[in-house]
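Engineer: The listed protein sequences derive, respectively, from chains L and D.
The first sequence begins at 2 in the numbering used here and counts up by one.
The second sequence begins at 2 in the numbering used here and counts up by one.
Number of protein chains: 2
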Amino acid sequence: MHDVSQRIVDIYDELTRSERRMADTILQAPDLVAELSATSLAARAGVSKATAARFFRRLGYAGARVARADARRSIDRDGREPEWRARFGTPRVSQAQHLTAEVQNLTRTIEQIRSDDLDSAIRAFALAEKIWVVGFGENYPLAHFARALLIRVKPDIRMIPIGGFSVPEEFASIRASDAVLALGVGRRTKSLRSVMASSRKADAHVTFITDQIAPVSEDAASVTLRCRTKGAGAFDSVVAPVSVLTYFCSSLALRIGEPALARLEYISQIHAEWAELAGDDF
Amino acid sequence: MHDVSQRIVDIYDELTRSERRMADTILQAPDLVAELSATSLAARAGVSKATAARFFRRLGYAGARVARADARRSIDRDGREPEWRARFGTPRVSQAQHLTAEVQNLTRTIEQIRSDDLDSAIRAFALAEKIWVVGFGENYPLAHFARALLIRVKPDIRMIPIGGFSVPEEFASIRASDAVLALGVGRRTKSLRSVMASSRKADAHVTFITDQIAPVSEDAASVTLRCRTKGAGAFDSVVAPVSVLTYFCSSLALRIGEPALARLEYISQIHAEWAELAGDDF
DNA sequence: CAAGAACGTTTCAAATCTGATCCTGAAAGT
DNA sequence: ACTTTCAGGATCAGATTTGAAACGTTCTTG
Numbered sequence: 002m003h004d005v006s007q008r009i010v011d012i013y014d015e016l017t018r019s020e021r022r023m024a025d026t027i028l029q030a031p032d033l034v035a036e037l038s039a040t041s042l043a044a045r046a047g048v049s050k051a052t053a054a055r056f057f058r059r060l061g062y063a064g065a066r067v068a069r070a071d072a073r074r075s076i077d078r079d080g081r082e083p084e085w086r087a088r089f090g091t092p093r094v095s096q097a098q099h100l101t102a103e104v105q106n107l108t109r110t111i112e113q114i115r116s117d118d119l120d121s122a123i124r125a126f127a128l129a130e131k132i133w134v135v136g137f138g139e140n141y142p143l144a145h146f147a148r149a150l151l152i153r154v155k156p157d158i159r160m161i162p163i164g165g166f167s168v169p170e171e172f173a174s175i176r177a178s179d180a181v182l183a184l185g186v187g188r189r190t191k192s193l194r195s196v197m198a199s200s201r202k203a204d205a206h207v208t209f210i211t212d213q214i215a216p217v218s219e220d221a222a223s224v225t226l227r228c229r230t231k232g233a234g235a236f237d238s239v240v241a242p243v244s245v246l247t248y249f250c251s252s253l254a255l256r257i258g259e260p261a262l263a264r265l266e267y268i269s270q271i272h273a274e275w276a277e278l279a280g281d282d283f
Numbered sequence: 002m003h004d005v006s007q008r009i010v011d012i013y014d015e016l017t018r019s020e021r022r023m024a025d026t027i028l029q030a031p032d033l034v035a036e037l038s039a040t041s042l043a044a045r046a047g048v049s050k051a052t053a054a055r056f057f058r059r060l061g062y063a064g065a066r067v068a069r070a071d072a073r074r075s076i077d078r079d080g081r082e083p084e085w086r087a088r089f090g091t092p093r094v095s096q097a098q099h100l101t102a103e104v105q106n107l108t109r110t111i112e113q114i115r116s117d118d119l120d121s122a123i124r125a126f127a128l129a130e131k132i133w134v135v136g137f138g139e140n141y142p143l144a145h146f147a148r149a150l151l152i153r154v155k156p157d158i159r160m161i162p163i164g165g166f167s168v169p170e171e172f173a174s175i176r177a178s179d180a181v182l183a184l185g186v187g188r189r190t191k192s193l194r195s196v197m198a199s200s201r202k203a204d205a206h207v208t209f210i211t212d213q214i215a216p217v218s219e220d221a222a223s224v225t226l227r228c229r230t231k232g233a234g235a236f237d238s239v240v241a242p243v244s245v246l247t248y249f250c251s252s253l254a255l256r257i258g259e260p261a262l263a264r265l266e267y268i269s270q271i272h273a274e275w276a277e278l279a280g281d282d283f
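Structure, rendered in structure tokens:
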């Protein structure tokens with residue numbers, strides 16, 4: 002069966018308020034389930050231990066002990082369970098099912114984002130001298146997308162990694178006046194962690210976009226935006242991350258105001274001029 | 002004060018389960034608040050009328066009537082569409098507005114896609130020898146994303162354009178047994194049209210993903226999938242295209258079946274092996 | 001205007017949720 | 001062996017939630 006975080010996400014909609022408090026604190030740091038007692042988890046979530054006990058039974062475990070044992074096992078084989086394996090059992094996903102899942106992802110994600118988190122991130126990005134967009138592996142397309150939006154609003158957006166250049170050399174020029182957009186949806190790599198750590202060490206602002214399952218290393222990021230990515234089909238969905246990025250960049254543009262507007266118009270004008278020429282692939 | 006959706010988002014965490022059911026159904030179609038009665042909204046959400054009444058009072062309205070009146074006013078105000086220039090006047094697009102817009106995009110898009118269109122595209126892609134993913138300019142991130150999904154399912158996925166290579170030379174090897182995924186959301190370039198034309202001339206299957214505004218060049222593509230991309234903020238939304246791509250690739254994976262599964266597991270295995278080494282940026 | 005329908009509101013009892021308290025058992029210390 | 005301690009489980013009473021039904025109100029229709 003699934004691991005603890007997965008079980009929580011599965012039945013999240015059905016949880017009561019106190020149970021949701023439990024669920025949230027656990028999703029923030031799933032590893033704690035293995036370390037802490039159910040009692041202290043309850044304290045952490047601000048609910049009674051009775052609720053905690055019930056909660057674990059609600060997740061389908063025989064009791065809190067069993068849950069903890071399972072959590073430990075999940076951590077041991079940290080190599081993640083291939084969930085898509087199970088999804089191949091189902092014959093087909095209907096368009097309706099897909100739509101429902103996506104809407105849920107969006108709704109849950111955006112509802113749960115704290116606007117003051119977003120505000121502080123936007124402030125940092127608006128003032129930043131340079132912006133670094135970081136996305137390894139499967140996050141690379143997301144990074145590309147984010148950069149495409151940001152470059153319309155601010156002039157100096159750099160991508161990591163980029164075209165075979167060595168990361169540390171590129172990254173050496175990061176300053177405290179910079180802001181970093183770190184993308185860690187799905188498989189998170191050591192390089193991402195390294196870049197984020199270096200960024201913090203350089204006192205740069207770090208906004209981290211990730212999924213609900215990711216453990217939160219307290220001060221790894223200045224702001225963490227969690228997205229729900231449960232897909233109905235064979236793959237997880239990045240719709241929520243994409244949407245959050247869009248909203249973020251859009252808000253950033255509005256926040257910056259006139260300079261961003263001027264920039265957008267300038268770009269539009271260049272497009273118009275070039276359109277008269279033969280090649281227009283840009 | 003805020004509009005209905007905004008109020009819901011504001012207190013979402015505090016809602017009880019039934020109230021959340023109400024909240025979810027409303028957030029998925031906020032316009033209905035103005036049209037439908039509180040009673041039918043309750044029915045739609047699967048809760049009692051009493052709950053619906055309480056819910057609106059919970060949102061800060063004097064009663065359901067008042068809420069409905071407010072919803073009507075919100076829609077009237079929303080009627081005139083702000084151009085992206087005008088959007089800079091507004092203080093900020095609320096999370097609720099953004100969410101509403103995104104959900105609308107998704108719903109409209111996916112509902113409207115004909116499943117036999119999709120099926121024929123999937124069939125072509127399943128049988129294709131090589132697959133070409135084409136995305137110029139702002140569609141490049143989308144192309145990257147599509148390729149990332151497809152490469153998990155089939156072995157020979159090629160991207161156009163790629164890293165400074167000349168397009169015609171690369172594209173010369175297209176065959177009738179190939180399939181092309183053409184991405185034309187937003188600004189469409191001449192190069193895209195050229196590539197699509199060449200593809201058709203080579204008798205390859207062409208699936209074209211674009212937005213609603215695109216002109217319908219009848220036989221430019223074998224299958225055309227239209228996405229709604231109207232954004233609430235400064236930028237258009239690619240959530241719908243991303244979602245369609247995800248659904249398409251997911252269905253493709255399920256359609257291919259065992260070989261795709263084997264491939265996915267092989268990839269997962271390689272990931273696991275490499276994870277033990279230092280650098281894991283792939 | 002009267003009758004009726006649809007709707008929203010209120011009431012109330014049942015269902016559910018939740019925390020305080022108590023109980024059991026295991027582990028560690030004496 | 002006895003005590004202590006701590007975690008989990010069970011119980012129960014109080015609080016909250018919830019739907020059914022009764023009750024007004026508004027609107028339509030004849």
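By construction, the Cβ of each residue, glycine as well, lies at the ideal position given by its N, Cα and C atoms.
1) Are the C-beta of T91 (chain L) and some C-beta of chain D separated by less than 9 Å?
2) Could you tell me the distance, in whole angstroms, from the CA atom of D25 (chain D) to the CA atom of T108 (chain L)?
3) Do three or more CB pairs link the stretch 222-233 of chain L to the stretch 137-152 of chain L at distances below 8 Å?
4) Could you compute how far the alpha carbon of L28 (chain D) sits from the alpha carbon of K50 (chain L)?
5) May I have the straight-line CA-CA distance separating I114 (chain D) from Y248 (chain D), to the nearest angstrom?
6) Beta carbons nearer than 7 Å to chain L: which residues of the stretch 231-251 of chain D have them?
7) DSSP on T230 (chain L), reduced to helix/strand/coil?
8) Under 9 Å between C-beta atoms, does D32 (chain L) make it to chain D?
9) Classify F146 (chain D) as helix, strand or coil using the three-state DSSP reduction.
10) Beta-carbon of I9 (chain L) versus every beta-carbon of chain D: anything under 9 Å?
11) Measure the CB-CB distance between R18 (chain L) and T52 (chain D) and report whether it falls below 9 Å.
12) Run through DSSP, which three-state label would R81 (chain D) get?
13) Please identify the residue among D:G187, D:K131, D:R153 whose C-alpha is closest to the C-alpha of I161 (chain D).
14) If you measure beta-carbon to beta-carbon, which residues of the stretch 137-167 of chain L are closer than 9 Å to chain D?
15) To be precise: take each residue of the stretch 104-119 of chain L, compare its Cβ to all Cβ atoms of chain D, and keep it if any distance is under 7 Å. Which residues remain?
16) Verify whether the separation of the beta carbon atoms of N106 (chain D) and S238 (chain D) is less than 9 Å.
17) Can you find a C-beta in chain L that's less than 9 Å from the C-beta of L60 (chain D)?
18) Is the shortest distance between the beta-carbon of E171 (chain L) and the beta-carbons of chain D less than 9 Å?
19) Within this structure, are the beta carbons of I257 (chain L) and A127 (chain L) separated by less than 9 Å?
20) Straight-line CA distance for D71 (chain L) to V34 (chain L)?
21) Please report the residue range of the alpha helix (DSSP H) in which R176 (chain L) lies.
22) As a quick exercise: from L:R22, L:Q270, L:H3, L:T40, pick the residue whose alpha carbon is nearest that of G61 (chain L).
23) State yes or no: is the C-beta of H206 (chain L) nearer than 8 Å to some heavy atom of the ligand GTP?
24) Find the nearest neighbour of K155 (chain L) within the set L:G64, L:E171, L:R264, L:L37, judged by alpha-carbon distance.
25) Report the start-end ranges of each alpha helix (DSSP H) in the stretch 3-83 of chain L that is 4 residues or longer and not cut off at the edges.
26) Could you give the C-beta distance for A147 (chain D) and L182 (chain D), rounded to a whole number, given that I count them as a contact under 8 Å?
27) Locate the alpha helix (DSSP H) running through T247 (chain L), then write down its first and last residues.
28) What are the residues in the stretch 204-215 of chain L lying within 7 Å of chain D by C-beta distance?
29) What residues in its chain sit with their C-beta under 6 Å from that of A129 (chain D), if we drop five residues either side in the sequence?
30) Rounded to whole angstroms, what is the Cα-Cα separation between D14 (chain L) and I111 (chain L)?
31) Identify, in the order they occur along the chain, each residue of the same chain with its Cβ nearer than 6 Å to the Cβ of I123 (chain L), setting aside the five sequence neighbours on each side.
32) Quick one: list the residues of chain D neighbouring V94 (chain L), beta-carbon separation under 8 Å, in chain order.
33) Report the three-state DSSP secondary structure of R153 (chain D) (helix, strand or coil).
Structural biologist: Taking the geometry as given:
1) Bear in mind that a pLDDT of 49 at T91 (chain L), under 50, signals an unreliable position, so the number given afterwards is only what the model happens to contain. Yes, because at least one Cβ of chain D sits closer than 9 Å to the Cβ of T91 (chain L).
2) 8 Å
3) no
4) 34 Å
5) 11 Å
6) G232, G234, A235, F236, S238, V239, V240, V243, S244, T247, Y248, C250, S251
7) coil
8) no
9) helix
10) no
11) no
12) Unreliable positioning characterises R81 (chain D) in this predicted model, as indicated by a pLDDT of 39, which lies under 50. A coordinate reading is not provided.
13) D:K131
14) F137, G138, E139, Y141, P142, L143, A144, H145, F146, A147, R148, A149, L150, R153, V154, P162, G164
15) V104, L107, T108, I111, E112, I114, S116
16) yes
17) no
18) no
19) yes
20) 9 Å
21) Segment: none, R176 (chain L) is in no alpha helix (DSSP H) and carries neither H nor E.
22) L:H3
23) Of the ligands one can find in the structure shown there are none, so the ligand GTP has no counterpart to examine.
24) L:R264
25) 5-12, 18-29, 33-36, 39-46, 50-59, 65-77
26) 6 Å
27) 240-257
28) none
29) D179, A180
30) 15 Å
31) S252, L253, R256
32) Y248, S251, S252, L255
33) coil
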